[in-house]
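First residue of the sequence shown: 29, per our numbering; consecutive thereafter.
Idealized CB from N, CA, C, for every residue including glycine.
Here the structure is a predicted model, which is why all the values come from computation and not from measurement.
What follows is one structure encoded as structure tokens, with my remarks underneath.
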Amino acid sequence: MTPSTFRLPDLEKSSPFPLRHNLHHEPSASISNEWIANYGIHSNKAHRIGFESCAFGLLVSYCYPHAEKERFRVLCDFINSLFAFDDLMDEEHLVRDVRGTKAVMDIAMNALWHPETYQTDFRVGQSIQDFWARAIKMGCAPGTQRRFLEYMDHYCCAVLEQVTNRSKNLIMDVESFTRMRRDTGALKICFVMGEFGLGLNLPDEVFEHPLIQTMENCSNDIVVLANDVYSWNIEQAQGHTANIITVLMNQKDIPVQEAMDIVGQEVQKRFQLYSLSKSQLPSWGTEVDKGVQAYATVLEDWAIGSIRWSLESKRYFTKSAPYDKETLEVKILPKEQKTATDLRTAKVKYSNVSKAALVWGSIWLGWLFFTGIVVLHLAPHLIPSRSPVFSS
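Quick look at the structure:
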């Protein structure tokens, strides 16, 4: 018999980290909401209300509690842009569109590689270009910039892989999915922006140390596993399978509650391994050690902050899909049936946010089926400058 409810694992109880809050949360978060809205990413008033109900500013406050006011504002813009960008791959048309996804990724990466000169009509791409240019001008260490671009590239490639799998109705095995999820979750990018938020300039040898990498992986896993726990109900109703709960249920042939319990145990193990790794860190000298401890707070704040935000915001739990705060019980949502109205709405949203992707896709097909002369003619006007996003 198919269960009608499941119980969330108590992930907050597993955390040894304190929950902190940035005093600059408001009005910075509200100003950032206006900033992202001015790019026209919202197709209508309802879409904007839904986006802002996710309270991304609260997430920034919990995950970057020590950032000073000006940098906190840039971090709010970063998170708003990141979620607007990531949500494109969950849209009705891009959700299985490999070609369109690749086009969007190329545009975003070119905006980051050339923040002062690149031009695009892609609205989310413009917002990405804006916050990154300001971050660089504000003072972003060369190593931080390099890591951000590198990890953004990893994120884009992993999301493309995820969309490709979705287009083939492929459900990955646990090991492969976990490895890919460390990039699709975009946490590496978020950790690097934590460096920016604190004005850190740590040597490469710190980030190359195995214990630091273990700590990063633990925090990364905690956030994405928790995200999959909290988002599973909505995603299963929408027919999405890129979720560790679904992967476990499929591979092990187990019910949802058993999968939830397994993930809860894995999160607890990550918290323990993180603490053990941190206790064994070597010394790089007094000044560097201070920076390392500050960076560790970024990893810790993301681990506990994202969990608390997921439970507080309306990103995953709403009036129509709540959770019981006492028992952590959740009613399983029925599968959604797409209507003609839903599809028309999706088309409007898609046309509003990814016009540039359609242009890119047309060029790409022209390159495949027509002559090089056509491409040569169009390139100066339409093809963005080269980026290393999908280099082999």
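Inset, instruction - Can you say whether Trp160 is buried or exposed, counting buried as having 16 or more other CB atoms within 10 angstroms of its CB? - result: buried
Inset, instruction - With a cut-off of 8 Å on the beta carbons, I'd call Val251 and Trp330 a contact; round off their distance for me. - result: 6 Å
Inset, instruction - Give me the Cα-Cα distance between Tyr323 and Thr314, rounded to the nearest whole angstrom. - result: 14 Å
Inset, instruction - Output the residue ranges of the alpha helix (DSSP H) runs that lie fully inside the stretch 160-197 and measure 4 residues or longer, sorted by chain position. - result: 170-195
Legend entry - Top-ranked residue by Cα proximity to Ser43, from Ile290, Cys104, Gly333: Gly333
Legend entry - Distance between Lys165 and Val275 (C-alpha atoms, nearest Å): 43 Å
Inset, instruction - Less than 8 Å between the CB atoms is what I'm expecting for Ala136 and Phe224, so what's the real figure, rounded? - result: The Cβ separation is near 18 Å, so there is no contact.
Inset, instruction - Below 6 Å CB to CB, which residues in the same chain sit around Thr242 once its five sequence neighbours on both sides are set aside? - result: Ser305
Inset, instruction - Leaving out five residues on either side along the sequence, give the residues of the same chain with a beta carbon under 6 Å from the beta carbon of Asp211. - result: His182, Tyr183, Ala186
Legend entry - Three-state secondary structure assigned by DSSP to Arg35: Secondary structure at Arg35: strand, using DSSP grouped into helix, strand and coil.
Inset, instruction - Indicate whether Gly227 and Gly167 have their beta-carbon atoms separated by less than 8 Å. - result: Cβ atoms of Gly227 and Gly167: closer than 8 Å.
Inset, instruction - State yes or no: is the C-beta of Gln285 within less than 8 Å of the C-beta of Phe84? - result: The beta carbons of Gln285 and Phe84 sit no closer together than 8 Å.
Inset, instruction - Confirm, please, whether the CB-CB distance from Gln279 to Asp201 is below 8 Å. - result: yes
Inset, instruction - Mind checking who Val358 pairs with in its DSSP beta bridge? - result: When beta bridges are read from the DSSP output, Val358 appears opposite Phe34, Tyr351.
Legend entry - Nearest residue (CA-CA) to Gly131, options Asp149, Thr145, Pro143: Correcting the residue identity first, residue 131 is Ala in this sequence and not Gly. The shortest C-alpha separation from Ala131 is found at Asp149.
Legend entry - Whole-Å CB distance - Cys105 paired with Trp63, under 8 Å assumed: According to the sequence provided, residue 105 is Asp. The question's Cys does not apply to it. With a Cβ gap of about 6 Å, Asp105 and Trp63 count as contacting.
Inset, instruction - Return yes when the C-beta of Glu98 is under 7 Å from any heavy atom of the ligand GTP, and no when it is not. - result: Here there are no bound small molecules, and the ligand GTP is not part of this structure.
Legend entry - CB-CB length for Trp312 against Val257, believed under 8 Å: 36 Å between Cβ atoms; not a contact.
Legend entry - Whole-angstrom distance between Ser71 and Ser81, CA atom to CA atom: Those two C-alpha atoms are separated by around 16 Å.
Legend entry - Cβ distance (whole Å) where Ala95 is taken to contact Ser155 below 8 Å: In fact, because the Cβ distance is near 19 Å, the residues do not count as touching under 8 Å.
Inset, instruction - Going by CA-CA distance only, name the one from Glu354, Leu188, Asn229 that's closest to Asp125. - result: For Asp125, the nearest C-alpha among the options comes from Leu188.
Legend entry - Top-ranked residue by Cα proximity to Gly292, from Ala254, Phe100, Pro31: Just measuring C-alpha positions, the residue of Ala254, Phe100, Pro31 sitting nearest Gly292 is Ala254.
Inset, instruction - Could you work out which residue in Met221, Ile272, Lys353, Asn245 is closest to Leu91 when comparing CA atoms only? - result: This sequence places Cys at residue 91; Leu is not what is there. Checked all of Met221, Ile272, Lys353, Asn245; the closest Cα to Cys91 is Met221.
Legend entry - Leu339 vs Ala349 beta-carbon contact at 8 Å: Result no, Cβ atoms of Leu339 and Ala349 do not sit closer than 8 Å.
Legend entry - Gly68 versus Ala57, Val316, Ser109, residue with shortest Cα-Cα distance: Ser109
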